[in-house]
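Note sheet for the following structure.
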Amino acid sequence: MINEEIFHSVRLDEEKCKGCTHCIRHCPTEAIRVKQGKARIDEERCIDCGECIRICPNHAKYAQADSLEVIKNFSCAIALPAPAFYAQFKVGISLGKMLQGLLHLGFQEVFEVARGAEILAEEINRYLKKRWIATPVISSACPAVVRLIEVRFPSLIENLLPLDSPLGVAAKLARMQAMEKGYRPEEIGVFFITPCPAKVTESRQSGDGLGSIDGAISVANIYSRLVNIVGELEEPPSLSLASFRGIGWARSGGEQDSLEEGEYMAVDGIHQVISVLEKIEMGELRNVVYCEAQACVGGCIGGVLAVQNPFIAKVGINHLLKRYTEFRPIKEEEMEEWRRKGVFERKEIYQAKEVLKLDKDFKRALEKYQMIEKLLERLPGLDCGACGSPTCRALAEDIVREKAEEVDCPFMLQEQLRALVREVHALASKVPQTMAKKEE
Amino acid sequence: MEEDKVLVEIEREIVGGDFQSAGDVSGELKKVLQQVGFPPSFNRRVVIAAYEAEMNVVIHAYRGIFATEIYEDRVHIEVDDQGPGIPDLELAFQEGYSTAPPHIREMGFGAGYGLSNMKKCSDHLEIDTRIGEGTKVVMDFFLNPEK
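Right, here's the structure in full:
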């Protein structure tokens with residue numbers, strides 16, 4: 080089990096990086112700097128949203144996912160396809176065939192994350208009925224949004240849904256099911272078919288309990304192996320359990336469609352998410368009970384590890400929603416048992432990441448803030464990125480954090496050079512007093 | 500006891516009816532509080548109250564000045580506007596009471612929680628309002644309110 084302290088799925092290919100500044104200005108948490116001609120990702124700030132992967136013209140950013148080889152280490156490898164996986168294939172291909180395709184690739188079992196989402200939705204309904212919850216409750220399904228809140232909106236942590244993600248729920252149920260079939264815990268490997276890098280990170284941090292996820296394989300990887308054969312596959316009976324309720328979670332708006340009536344909202348695309356979170360933080364939207372927020376445009380179908388354009392993928396999802404209308408009811412006894420076993424519990428409690436603080440010491444932080452304001456008066460305010468920081472303000476912050484120097488700014492460098500030249504010039508015109516001639 | 504010194508000052512102008520920039524000043528204040536390292540729960544109540552005060556100017560007044568002083572253990576906010584003033588202050592404090600015209604309510608603003616929210620979130624609130632002249636809101640937030 081890989082469980083690194085700070086693991087990030089978003090990586091840089093040094094060879095391909097040309098040191099341009101597209102990514103630094105696009106990063107929602109200002110986590111990237113260009114140093115010595117290469118982009119550097121600040122691990123503490125990165126939320127794995129994948130924006131830099133999208134924007135990089137040289138394809139130097141990539142998401143590290145697992146290869147399909149890893150499933151061979153387990154005699155019971157279970158595939159957990161994300162709902163967005165279904166949206167990749169041509170309209171008309173049944174869910175049964177897609178899931179059969181996963182078995183064809185070497186998995187022994189499948190468990191749909193869409194089914195996990197349906198079950199989770201029941202628990203969300205129950206949670207939303209509680210009194211004294213901070214509204215709007217913000218969905219915890221998108222790990223990039225959860226990280227964003229921990230990094231940039233710590234005061235909204237109390238609004239985050241304190242339940243596990245559909246992936247976490249599905250992983251636990253899949254493992255329980257396999258154990259009921261007689262597999263020993265060490266024989267079971269749970270693998271997520273992921274549309275996004277943030278979910279790879281979530282998988283890595285799943286620990287080694289019931290909800291452990293042993294690997295995350297990209298949707299793109301699986302798609303490329305199945306695209307040409309999936310249509311020909313035999314369709315086994317009753318392989319697919321999920322209905323429109325869970326499948327809809329593939330796209331923005333799907334969560335609220337699976338819940339009981341209520342005042343809900345959905346926002347997608349990281350920059351729109353930020354602007355909505357700003358409003359929530361300022362006390363607006365209190366009448367909204369549940370806010371579904373996804374980092375990618377369109378929701379999970381817009382993930383960078385998916386193949387299909389998200390708007391085209393939505394067409395596919397809409398077809399499936401109409402086709403799979405039969406929801407398999409969930410018994411309250413089952414829910415009770417799952418609750419008891421901790422199926423809905425999050426392993427990691429949300430934690431404010433204090434990366435925005437200028438200093439641990441309050442007074443030092445204030446001094447640094449004042450230094451930033453002073454520096455800003457002298458910096459050009461062009462936000463050109465030539466210094467390697469995303470904005471002039473970010474450079475000023477980097478300077479007071481001792482991660483950059485004033486002369487990293489080409490304008491400041493030129494100014495200092497000019498001052499130096501003036502001084503040299505003035506010195507050059509001076510002669511020793513013994514040799515000086517009386518001025519005419 | 501150390502001397503009570505202003506550590507950061509922010510002063511911004513707010514233009515009545517400028518809904519596009521509405522919230523910018525409160526957003527800026529939030530960033531400062533975060534960077535300096537005030538606790539998230541404290542920042543939240545300052546920002547909610549600041550935003551209400553800022554919005555009141557945008558919705559009701561012609562223009563206003565938003566001034567913040569940040570101290571080691573408190574935040575002081577003054578929002579001074581030129582506007583119509585509040586005709587019945589007591590009524591304005593009631594939740595759900597609003598004098599915002601319908602076209603502004605349609606935009607989702609002016610729900611009538613402004614003053615009561617400001618009162619809830621701040622530790623000290625003073626309102627000086629003059630009909631036909633304007634309103635001045637003064638708020639204080641203490642890091643340790645019980646002191």
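Keeping their order, the protein sequence lines are chains E and Z. Residue numbering for the first sequence follows this note's numbering, beginning at 80 and increasing consecutively. Residue numbering for the second sequence follows this note's numbering, beginning at 500 and increasing consecutively. Idealized CB from N, CA, C, for every residue including glycine.
Specify the secondary structure class of residue i as computed by DSSP and reduced to three states.
i      : result
E508/Z : strand
S615/Z : helix
K635/Z : strand
E645/Z : coil
A158/E : strand
P309/E : The question names Pro, but residue 309/E is Val in the sequence shown. Helix.
V503/E : helix
G195/E : helix
Y206/E : helix
R124/E : coil
Y561/Z : coil
E148/E : helix
F490/E : helix
E94/E  : coil
H87/E  : coil
N82/E  : Below a pLDDT of 50, predicted positions are generally treated as unreliable, and N82/E, at 38, falls in that range; no measurement from the model is reported.
M255/E : helix
E188/E : strand
K117/E : strand
I134/E : helix
K140/E : strand
E589/Z : helix
Q179/E : helix
M500/Z : Unreliable placement is indicated for M500/Z, whose pLDDT of 46 sits below 50; the coordinate value is still reported in the next sentence. In this structure, M500/Z counts as coil in the three-state DSSP scheme.
D580/Z : strand
Hey, residue i and residue j: beta-carbon distance below 8 Å or not?
i      : j      : result
S88/E  : V269/E : no
G341/E : V368/E : yes
I569/Z : V524/Z : no
L492/E : V486/E : yes
H105/E : I134/E : yes
S337/E : G377/E : no
A163/E : V306/E : no
L242/E : I203/E : yes
L384/E : P276/E : yes
A374/E : A223/E : yes
H296/E : D145/E : For the sequence presented, residue 296/E should be read as Ile rather than His. Contact flag set, yes.
L147/E : N300/E : yes
C125/E : A139/E : no
V136/E : I353/E : In the sequence on display, residue 136/E carries Pro and not Val. It is not a contact, given that the beta carbons lie outside the stated cut-off.
C379/E : M344/E : no
F323/E : L246/E : no
V248/E : G288/E : no
S468/E : R112/E : yes
G515/Z : A560/Z : yes
In terms of alpha-carbon separation, which member of the options lies closest to residue i?
i      : options                           : result
I236/E : Q430/E, D462/E and R480/E         : Q430/E
D517/Z : F640/Z, C620/Z, R562/Z and I509/Z : R562/Z
L437/E : R418/E, R457/E and A473/E         : A473/E
G116/E : T100/E, E339/E and C125/E         : T100/E
F232/E : L399/E, I359/E, L181/E and M450/E : I359/E
E123/E : E266/E, L312/E, V230/E and K426/E : V230/E
V149/E : F323/E, E266/E and I111/E         : E266/E
R254/E : G290/E, E433/E and N388/E         : G290/E
A329/E : H504/E, R304/E, I391/E and F490/E : I391/E
Q533/Z : G247/E, K516/E, E433/E and L184/E : E433/E
K151/E : F168/E, K169/E and L182/E         : L182/E
message = Pairs of beta-carbons, one from the segment 314 to 321 of chain E and one from the segment 167 to 183 of chain E, closer than 8 Å: are there three or more?
response = yes
request  = Would you list, in sequence order, the uninterrupted alpha helix (DSSP H) runs of no fewer than 4 residues that lie entirely inside the segment 353 to 410 of chain E?
outcome  = 389 to 402
query = Which runs of the beta strand (DSSP E) spanning at least 3 residues fall entirely within the segment 403 to 481 of chain E, listed in chain order?
reply = none
ask   = Taking the runs of the alpha helix (DSSP H) that are 4 residues or longer, which of them lie wholly in the segment 260 to 348 of chain E?
value = 276 to 283, 298 to 305, 323 to 326 and 333 to 336
task = Kindly provide the ranges of any alpha helix (DSSP H) runs that are 4 or more residues long and lie completely inside the segment 202 to 253 of chain E, ordered along the chain.
result = 222 to 231
inquiry  = Would you call the segment 567 to 584 of chain Z in contact with the segment 626 to 646 of chain Z, where contact means no fewer than 3 C-beta pairs closer than 8 Å?
reply    = yes
ask   = Do the segment 177 to 193 of chain E and the segment 409 to 424 of chain E touch if we need at least three Cβ pairs shorter than 8 Å?
value = no
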